[in-house]
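Colleague: I'd like to ask you about the structure that follows.
Numbering (this note's numbering), first residue to last: 49 to 205.
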């Protein structure tokens, strides 16, 4: 399984994988990748927000102070734009990887398409995705590990 590394190997102390079928494991992996990616962006935003105070890039240098207080200083119009952007991204992700809800059994909500690789949205503008399956597996493991670390780091802020 992608993400299992020495010395720990496959780490599942609560036994979620033992109780899950293949479709549920794919859904768990999709959620882990999504949360890891968001966390990597959050950590970057926190660190950059602390160091680039007074930048006029996005909010006309109106946001100041420690990053923990920045959220309350963001203009209200930004939230509408952010909501629409996130909604569009989630709609794209759902259409790309999920089975139409009208075709899903009641006992399998959020069923992923059988040919869908969790996290692979077909978005690779820099061409970083390796063609070799073994190299791709290494790349996936790196992303998972970095995402896991970022989730812990974001919780620490």
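All C-beta atoms, glycine included, are put in the ideal place defined by N, C-alpha and C.
Using 8 Å for Cβ pairs, my map puts residue 145 next to residue 78. What's the rounded Cβ distance?
Modeller: Rounded, the Cβ-Cβ distance is 7 Å, consistent with contact.
Colleague: Are residue 85 and residue 167 touching if we call contact CB-CB under 9 Å?
Modeller: In this structure, residue 167 lies closer than 9 Å to residue 85 by Cβ.
Colleague: Who does residue 57 pair with in a DSSP beta bridge?
Modeller: In DSSP, residue 57 forms a bridge with 53.
Colleague: If you draw a straight line from the C-alpha of residue 193 to the C-alpha of residue 87, how long is it?
Modeller: Computed Cα separation, rounded: 12 Å.
Colleague: Tell me the start and end of each unbroken alpha helix (DSSP H) in the stretch 85-154 that is at least 4 residues and wholly inside, in chain order.
Modeller: Counting whole runs of 4 or more residues, the stretch 85-154 contains the alpha helix (DSSP H) stretches 124-145.
Colleague: Give the range of the alpha helix (DSSP H) segment to which residue 208 is assigned.
Modeller: Any question about residue 208 goes unanswered here, given that the chain covers just 49 to 205.
Colleague: Using the three-state DSSP reduction, which class does residue 64 fall into: helix, strand or coil?
Modeller: Three-state DSSP puts residue 64 in a helix.
Colleague: Go ahead and label residue 74 buried or exposed: buried means 16 or more other beta carbons lie within 10 angstroms of its beta carbon, across all protein chains shown.
Modeller: So residue 74 counts as buried.
Colleague: Around the C-beta of residue 131, are 16 or more other C-beta atoms found within 10 angstroms, so that it is buried, or is it exposed?
Modeller: With fewer than 16 other Cβ atoms within 10 Å, it is exposed.
Colleague: For residue 184, which of helix, strand or coil comes out of DSSP?
Modeller: Of the three classes helix, strand and coil, the one that applies to residue 184 here is helix, per DSSP.
Colleague: Looking at the structure shown, is residue 177 part of a helix, part of a strand, or coil, going by DSSP?
Modeller: Coil at residue 177, not helix or strand.
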